[in-house]
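Numbering-wise (my numbering), the sequence shown opens with residue 995 and increments by one. Beta carbons: idealized from backbone N, C-alpha and C, even for Gly. In what follows, a single structure is set out as structure tokens and then discussed.
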Amino acid sequence: MALAIHVADEALTDFLSVYNPAVRAIRSRFPFLPLPTFTFPVWLGGLLAVTVLLFALSPAAFRGAPAMRPAAYVFAVVMAGNGLLHLVGSLLMRKAMPGVYSAPLILAAGLYLLASVP
């Protein structure tokens, strides 16, 4: 649920207007990094597909299926890291970056998941 809220936050605050120029600048300095740029439909479609997939995997996760444990750790670290990036980016830029309003939620959700997975 936290990811779905974060996707909506990013979509409504024009995340790609910050992300795509940043990726272009990074690639100009480090051309070996395979960082993609996105159009809005491709970006949103990909995030919606991932969100639907994660919701579909929820029953297995709640049952405690062993295969879900490594995936939960990876997902938790990605969520917490994403939340931190949004918060730190906003502090460094001295303005609310797209996605920052839901960043505390995904940071908390990621940390909670890390603490909850045995």
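- In the three-state reduction of the DSSP assignment, Met1091 falls in the coil class, being assigned neither a helical nor a strand state.
- The alpha-carbon separation between Gly1083 and Pro1030 amounts to approximately 19 Å.
- Between the C-alpha atoms of Asp1003 and Leu1105 there is a straight-line separation of about 20 Å.
- The C-alpha of Pro1025 lies about 22 Å from the C-alpha of Trp1037.
- Close CB contacts of Thr1045 within its chain, under the 8 Å cut and outside five residues either way in sequence, are with Leu997, Ala998, Val1001 (chain order).
- With the rule of 3 Cβ pairs closer than 8 Å, the stretch 1008-1023 counts as touching the stretch 1089-1100.
- Counting only residues of its own chain and dropping the five nearest sequence neighbours on each side, Met1062 has a CB closer than 8 Å to the CB of Leu1051, Ala1054, Ala1055.
- Between Leu1107 and Ala1065, the CB-CB gap reaches or exceeds 8 Å.
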